[in-house]
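A quick write-up on the structure given underneath.
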Amino acid sequence: MDQQPVYRKTRIAPTPSGYLHLGNVLSFAITAALAEKTGAKILLRIDDLDRERVQPNYVQDIFDTLNFLDIPWHEGPRNFDEYEREWSQVHRMDMYRDALQTLKENDAVFACNCSRAQIRNINTDDTYPATCLHQNIPLDAENISWRLKTDINEPITVKNISGDSTPATLPANMPYFVIRKKDGYPAYQLTSVLDDLLYGIDLIVRGADLWASTLAQQYLAPKIDAHSFNDIVFFHHPLLMSSGQAKLSKSSGATSVHYLRNEGRSPADIFTAAAALLGKAEPISTWQQLAALALPMF
Ligand SMILES: [Zn+2]
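Residues are numbered in this note's numbering as their position in the sequence shown, beginning at 1, plus a constant of 314.
Written out as structure tokens, the structure is:
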């Protein structure tokens, strides 16, 4: 790249369904580093519509972790009160419902009453077997999800931060992905697209594990009149793996920032622990150093 691209705004978008872990720290560090490099502001967005798993102490943990690690953000809630009063996704339900209504009016969705166990009985990798596609279950029935009528061959293009584009199609295990959950709340793919457009995001930095979600969101956007979502530039960063090569999960205590802080560890200890999971045995004292370690090209 002769000239660095310049972006307006990126975001960090944690889900408060568990304590943040070292993988989140790496993701935040990389996002903050790319924002600094490209002049982008950072929005803090808290994705809190998983009503069964979201807890206030996990929301508070997001603020505590960012402040403790000195990771900056320029827009969004500064504390729990601001989050609750103004920034929770609950305040944007009308916008999400309008999009769901658009999909309904365009006959782009169908109702599904399958349980997770029923789906897994047919496909052990949870690929939805289209059981309800032609069942004509009413969209206003109780305890049903809405699924998108997808065409697995429809071309998708993802714009990369390197300046090129990746042509793709929906992943084979994501046909008919859920757009409204059984509890009536909009699904992550829909809220994420609408929020990114609402807040003027033009750079999305996320872990490589969200590549399938990126494809789903690119696929969905034009169907909810969110065409300019397709102009957003993406960067998918490598993931931290535990010693067993498994993706870090929110339940594993030893990699939770909350746990490490309670153990008296310093920010430098936490950055160093994240670096160790990248296979780098050297002391790290700032998020900038951690990001540089993960992404030597930046
Ligand atoms: Zn079904």
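All C-beta atoms in this analysis are idealised placements derived from N, C-alpha and C, irrespective of residue type, glycine included.
Please read these numbers as outputs of a predicted model, since none were measured by experiment.
Endpoints, alpha helix (DSSP H) assigned at residue i
| i | result |
| --- | --- |
| residue 575 | 571-576 |
| residue 348 | 336-352 |
| residue 418 | 407-419 |
| residue 543 | Premise fails: residue 543 is in no alpha helix (DSSP H) and is neither H nor E. |
| residue 618 | In the structure as shown, the chain starts at 315 and stops at 612, and residue 618 therefore has no counterpart that could be examined. |
| residue 511 | 502-512 |
| residue 527 | 525-534 |
| residue 588 | 581-591 |
| residue 403 | Here residue 403 belongs to no alpha helix (DSSP H), and DSSP marks it neither H nor E. |
| residue 604 | 601-608 |
Cross-strand partners of residue i (DSSP beta bridge)
| i | result |
| --- | --- |
| residue 366 | The partner list for residue 366 (beta bridge, DSSP) is empty, contrary to what the question assumes. |
| residue 426 | 459 |
| residue 492 | 461 |
| residue 520 | 550 |
| residue 398 | Paired residues: none, contrary to the question. |
| residue 389 | 357 |
Unbroken beta strand (DSSP E) run spanning residue i, endpoints
| i | result |
| --- | --- |
| residue 481 | 479-482 |
| residue 326 | 323-326 |
| residue 356 | 355-358 |
Hey, which residues come within less than 5 Å of ligand 1, measuring from Cβ to any heavy atom, in chain order?
Matched residues: 426, 428, 445, 446.
So, does the stretch 570-587 touch the stretch 538-558, judging by three or more C-beta pairs under 8 Å?
As far as the Cβ criterion goes, the stretch 570-587 does not touch the stretch 538-558, which means the pair count is below three.
Should the stretch 450-460 be called in touch with the stretch 470-479, which here means at least 3 C-beta pairs below 8 Å?
Cβ pair count under 8 Å is below three, so no.
Three-pair Cβ contact test at 8 Å for the stretch 323-332 versus the stretch 369-379:
The stretch 323-332 is in contact with the stretch 369-379.
Evaluate the contact criterion for the stretch 358-365 versus the stretch 397-406: three or more CB pairs, one atom per stretch, below 8 Å.
Yes, since at least three Cβ pairs between the stretch 358-365 and the stretch 397-406 fall closer than 8 Å, the two stretches touch.
When you compare the stretch 542-554 with the stretch 524-533, are there three or more beta-carbon pairs, one atom per stretch, that lie closer than 8 Å?
Counting Cβ pairs under 8 Å, three or more are found: they touch.
Would you call the stretch 503-512 and the stretch 528-544 in contact, with 3 or more CB pairs under 8 Å?
Touching, per the Cβ criterion.
Counting Cβ pairs closer than 8 Å, one from the stretch 342-355 and one from the stretch 595-604, do we hit at least three?
Verdict: yes, contact present.
Give a yes or no on contact between the stretch 515-522 and the stretch 480-499, applying the rule of three or more CB pairs nearer than 8 Å.
Note that the stretch 515-522 does not touch the stretch 480-499; fewer than 3 beta-carbon pairs, one per stretch, sit closer than 8 Å.
Looking at C-beta atoms only, is the number of pairs between the stretch 422-437 and the stretch 384-394 that lie closer than 8 Å three or more?
Three or more Cβ pairs closer than 8 Å define a contact, and the stretch 422-437 falls short of that threshold against the stretch 384-394.
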